[in-house]
Structure formats: C-alpha cells, structure tokens
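The end of the sequence shown is residue 266 by this note's numbering, with every number in the run present.
By construction, the Cβ of each residue, glycine as well, lies at the ideal position given by its N, Cα and C atoms.
Predicted, not measured: the structure shown is a model, and the values here were computed from it.
Comments concern the structure below.
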Amino acid sequence: TTATTATTRAMATRDGDSATARLLREDERARIARDLRAMATRKLDGDASAHGRRVALVPLGTYNEDPCVVVTVSEDMMRRGRACALPSAAVEEWTLLESASVATTSAAKRAKEALFGKDDKTVVEMLGATHDVLDVRGRTVVTPVLAYMGEIGEKVRGRSDVAAISLSTLMSLDGVAPDAKNGGVRFIGTLAAAGLEGYEAAALHAALRVVAGPRLEYKEALYDQFVAGYKRRAPPAPPGAKPSTPKDDRATG
C-alpha cells in the first residue's frame, strides 16, 4: 500500500510537448461538452438504485500545465487497501423535484467541496455527465460528471488528502507490466494499481474515452485491449533506429 500511495501522490509534472498537454485546452473542453451532450448516455434505475443515487465528480484540471485528474486520499482508504477515490455526493430528493439536471449539478458542487472545502472560490466548469455506473457494494447508482477546475497546483501541493494523477499516466500503457494471470495488461487493472477500482475505475475509464476523443494515440489503452484476442503491440521504434532482427534480440552476457 505504501508503494501504491507514493505512486498515486506523485503529482503531475509540466510537459508542454506531451501528447496530453492539449487535451484540456478551451477548444477541447468545448468539444468534450458537445460530445457529452450528444452521447446516448446509459441511465440505470430500478433495483440497482435501492439505496439511492450519487454523483461522482471526475475533477479535471492542470498541474503546472499538465492535464490531470484530482482524487481524494485518506488513511481509511489505505486501511481498506485503496489509495484514492473520486469525490462523490448523494443526490438530494428535493432537487429531483426541479429536474435531473439540477439534481446532478447540485450534487456535483457538493462533491467539489470534498476536494477544496466550502469556502473555496474555484470556478468549476461543468462539462457534462457520462454513463451511469453501479456501486455494487453500496447498491447505489452513480452518475459520473466531468468538471474542469483550471490550474490546481497551488490547491493540492503539500496536501496529504488529495492527489493529482497525470492523464499521460492514465491514458497510456507505457511502463505497465503484462498481467500473466489475465493474458495481458488491462486498463482497469492499471487504475487499480493506482488505487482506483470498481465503479470508480469504470467511471474514469468512460470519462477518459470522451476526453481522448478520436485520437488514435490513445486507442490501444482505451479501446483495443478490451477486444477479444488483443495482443500488446511492441512500442514504436525511435526515429532513425534500425529494424530489430532475431540476432539483435538475443540476450548478451
């Protein structure tokens, strides 16, 4: 748990040339909001929501200009074998009398308070909701809501109860060891290694698909590996490198 927590708390670092650096620019946020509005989002009801509904905030921002997602961290989570979580809040019944949109926005704002407190003046840009997910243990339906919070470096630096995880880490298979038990690496397993699992991993996975949009560089991590028969591709050779041959691949003493 200590190693996992140390990895999770490693803050995003500035990398203006990275492929992810442009993902949360103003024009991209507008595209994300449009895509979320156009999505045929999956809504769950019935017995699945026996214990009510919650909204899980997917807080996006930048840490020294590096796009990231912000999560909560607590000693209680670590005792239960988890390193971090998405902030969430219950949907209040009275808000449902207004509209589903009002109920969702109200809960998302309260979830934001779990990150920065009630007195925080951060202007939150609500981008929209994605597919409902089921918290099996709590028998609760959870609606993930993507929100952009701008530059959050000063708000999380030095704190032990929140962490910023770089999108370049979450949206890539670089450095991820194959999972021999399951026949290959899986993205959800990658998130679990960072302390996210269950409905929260599913919610973040769906959110990152929208953030990535049609970009092919994220296709393997976000889509390909879930297709039957998936085989991990070899990383691309650096520019100017000579093609590998069987002789080149032999171990050397």
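Looking at C-alpha atoms only, which residue of the options is the closest neighbour of residue i?
i           : options               : result
residue 129 : 239, 101 and 224      : 101
residue 238 : 157, 178 and 218      : 218
residue 152 : 212, 143, 169 and 119 : 212
residue 313 : 124, 242 and 86       : In the structure as shown, the chain starts at 14 and stops at 266, and residue 313 therefore has no counterpart that could be examined.
residue 54  : 231, 180, 157 and 241 : 157
residue 42  : 235, 221, 234 and 231 : 221
residue 140 : 236, 244, 38 and 46   : 46
residue 126 : 170, 227 and 84       : 84
residue 64  : 227, 214, 236 and 147 : 147
residue 38  : 52, 51 and 138        : 138
Should residue i go down as buried or exposed, given a rule of 16 or more other Cβ atoms within 10 Å for buried?
i           : result
residue 185 : buried
residue 133 : exposed
residue 285 : This structure cannot settle anything about residue 285, because the visible part of the chain is limited to 14 through 266.
residue 58  : exposed
residue 172 : exposed
residue 168 : buried
residue 40  : exposed
residue 241 : exposed
residue 160 : buried
residue 229 : exposed
residue 149 : exposed
residue 216 : buried
residue 234 : buried
residue 177 : buried
Under 8 Å by Cβ, that's how I've got residue i and residue j pegged, so tell me the actual separation to the nearest angstrom.
i           : j          : result
residue 175 : residue 71 : About 14 Å; that fails the 8 Å criterion.
residue 142 : residue 49 : 7 Å
residue 154 : residue 66 : 5 Å
Residues in its own chain within less than 8 Å of residue i by CB, not counting five upstream and five downstream?
i           : result
residue 36  : 80, 180, 224 and 225
residue 33  : 79, 80, 179, 180, 181 and 184
residue 117 : 68, 104, 142, 156 and 158
Near residue i, which residues of its chain fall below 7 Å by C-beta distance, leaving aside the five closest residues on each side in sequence?
i           : result
residue 266 : Because the pLDDT at residue 266 is just 31, under 50, the model does not fix this residue reliably, and the value given afterwards should be weighed accordingly. Excluding positions up to five away in sequence, the list is empty.
residue 56  : 145
residue 98  : 84, 85, 90 and 213
residue 44  : 226
Here's a check: name, in chain order, each residue in its chain whose Cβ is nearer than 6 Å to the Cβ of residue i, leaving out the five neighbours to either side.
i          : result
residue 52 : none
residue 9  : Shown here, the chain extends from 14 to 266; a query on residue 9 therefore has no answer.
Touching by the beta-carbon criterion (3+ pairs, under 8 Å), the segment 152–168 and the segment 60–79: Judged by Cβ distances under 8 Å, the segment 152–168 makes contact with the segment 60–79, as three or more pairs qualify.
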